[in-house]
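Per the working numbering, the very first residue in the sequence shown carries number -14; after that it's consecutive. All C-beta atoms in this analysis are idealised placements derived from N, C-alpha and C, irrespective of residue type, glycine included. Below: one structure, written as structure tokens.
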Amino acid sequence: MSADRILIAGGGIGGLATAIGLARQGQQVLVLEKAAEFGEIGAGIQLGPNAFHAFDYLGVGDAARGMAVYIDNLRLMDALSGEEITRIPLGDAFRTRMGNPYAVVHRGELHGIFLKACRDHPLIDLRTNSAVHNYAQDGTQVTVILQDGSRVDGAALIGADGLWSRVRRQMLNDDPPRVSGHTTYRSVIPVEDMPEDLRWNAATLWAGPKCHIVHYPLSGWKSFNLVVTYHNDAPEPVAGQPVGHDEVRRGFEHVSPVARQLIDKGKDWKLWVLCDRDPVMRWIDGRVALLGDAAHPMLQYFAQGACMAMEDAVCLSDLFRDSGDIETILRTFQEKRRLRTARVQLQSREIGDHIYHPDGAHAALRNAIMSARTPAQWYDAVEWLYGSTGLEGRVGA
């Protein structure tokens, strides 16, 4: 049986979602995770309706809905004036239009749902301490060589091993990830520490010159996720490094007091220097394919990184519904997914430049354009993204 199984490098959300999808199509799967245990780093994550389309397809819809916090609005605030620019209502009209709700969750809780589903499925094998170093293939199977020199065989390899993917390095040998120069600081605060007049049931963005602040409730309203980003031209990638309060505050001295007070509530800050890549047209090499951040890493500004990985998982696993040649399946997967994900990659950068961080006349123009939109116009603008199931290969209007 081992020669027929699908190998997956990486046990994050994308890798586990792919394992579940493939197993539901009758495929035997082996997930190879480099860490000593399965887990996710980070706190909050936003889930557009397209994430719930994926949950339902993958059979974890009920579990995901049970732990999600359903927010009422997406709110955009001017971090200098403290005034609201616009809001997108996420109630019945939005849900009807997009086919599912918008919610926020703790990343670890979401990962736990996928991990439990994988552990409960008889066709999925999970292995830790199994860092994928490289691969070889002969046209009929793939052999993965692990960091310790051991070898694992399978019918195909899915590289879901993230931004610094070893699978991608061998396949494409391209440049390192692009450093954006934006530094993100993350904290989670108890709900009682959140200023009472800002305890909104919303995913809220305070946009200011070269900086922004995002907050929303988590874990049944027990805490608030706080993510603040400063465009400080950071030159090198950093991930999860502890940092002091004074450094975080330094990038937000120029914003209004109502927004700045949020910085003072944060504790145990950790920083990430954001990276992405330019879109590429090639994700496959014979029986090997890239997925999620290994294929199309993106900045956080569309809140779609995990959603795109789950859409990948849905699309790929659905192609296994009908028996067919694996190399043909992987080529079809690439064709269906690469332009949609390229659009999200590139527009994530544009959102950072034109919505999150502008100043002066640029910011005033943003405020004028965005405040003039009605809810229906917002729904028209985002339906291409949120209304997709991941199966259509749709780029959108």
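Can you give me the C-alpha to C-alpha distance between residue i and residue j, rounded to a whole angstrom?
i	j	result
M156	V173	38 Å
E383	Q289	In this structure the chain extends from -14 to 382, so residue 383 is not present and cannot be described.
D338	A192	11 Å
A78	R234	39 Å
G93	K207	15 Å
I30	L59	14 Å
D365	I354	15 Å
T313	G6	18 Å
A298	E177	38 Å
G144	A48	26 Å
L75	Y120	45 Å
L331	D123	36 Å
L190	L61	5 Å
A116	A274	17 Å
M(-14)	Y87	Any reading at M(-14) needs caution, since the residue's pLDDT is 44, under 50, leaving its predicted position unreliable; the model's value is listed next. Each residue's alpha carbon lies about 41 Å from the other.
I336	V367	13 Å
S150	A357	42 Å
R154	K19	16 Å
L111	T326	28 Å
Q285	S333	7 Å
S302	A64	43 Å
G236	G44	43 Å
Is residue i helix, strand or coil when you go by DSSP?
i	result
S172	strand
V16	strand
A382	Any reading at A382 needs caution, since the residue's pLDDT is 48, under 50, leaving its predicted position unreliable; the model's value is listed next. Of the three classes helix, strand and coil, the one that applies to A382 here is coil, per DSSP.
N210	strand
S373	coil
H388	Beyond the ends of the chain as shown, which are -14 and 382, falls residue 388; an answer cannot be given.
E69	strand
E22	coil
N186	coil
G97	helix
E221	coil
A348	helix
S356	helix
V265	coil
Exposed or buried, residue i, counting other C-beta atoms within 10 Å across all chains shown (16 or more means buried)?
i	result
S135	exposed
R323	buried
G413	Because residue 413 is not part of the residues shown, which for the chain are -14 to 382, the question remains open.
S308	exposed
G205	exposed
S126	Here the sequence assigns Gln to residue 126, which means Ser is not the residue at that position. Looking at its Cβ environment, which holds 16 or more other Cβ atoms inside 10 Å, Q126 is buried.
A382	Below a pLDDT of 50, predicted positions are generally treated as unreliable, and A382, at 48, falls in that range; the measurement from the model is reported next regardless. So A382 counts as exposed.
M83	buried
A349	exposed
E25	buried
N158	exposed
E296	buried
N114	exposed
D249	exposed
R262	buried
M293	buried
G147	buried
Q226	exposed
G229	exposed
D182	exposed
What residues are listed by DSSP as bridge partners for residue i?
i	result
W191	M62 and I198
A88	L32 and Y55
V273	L142 and D270
T406	Outside the shown range of the chain (-14 to 382) lies residue 406, about which nothing can therefore be said.
C260	V164
L203	S208
Y215	T168 and C196
A(-6)	L17 and G144
Starting from residue i and walking both ways along the alpha helix (DSSP H), at which residues does that stretch end?
i	result
L75	From DSSP, L75 is part of no alpha helix (DSSP H); its letter is neither H nor E.
K321	I311 to I336
Y120	Run containing Y120: none in the alpha helix (DSSP H); it sits in the beta strand (DSSP E), V117 to Q122.
K252	K252 -> no alpha helix (DSSP H), and no H or E assigned at all.
L301	G290 to L304
L148	Note, L148: premise wrong, no alpha helix (DSSP H); not H, not E.
E232	H230 to R235
What residue range is occupied by the uninterrupted beta strand (DSSP E) comprising residue i?
i	result
R112	I109 to R112
Q226	A224 to P227
I5	Premise fails: I5 lies in the alpha helix (DSSP H), I(-2) to R9, not in any beta strand (DSSP E).
L284	Note, L284: premise wrong, no beta strand (DSSP E); not H, not E.
I340	First-last for I340: undefined, no H or E at that position.
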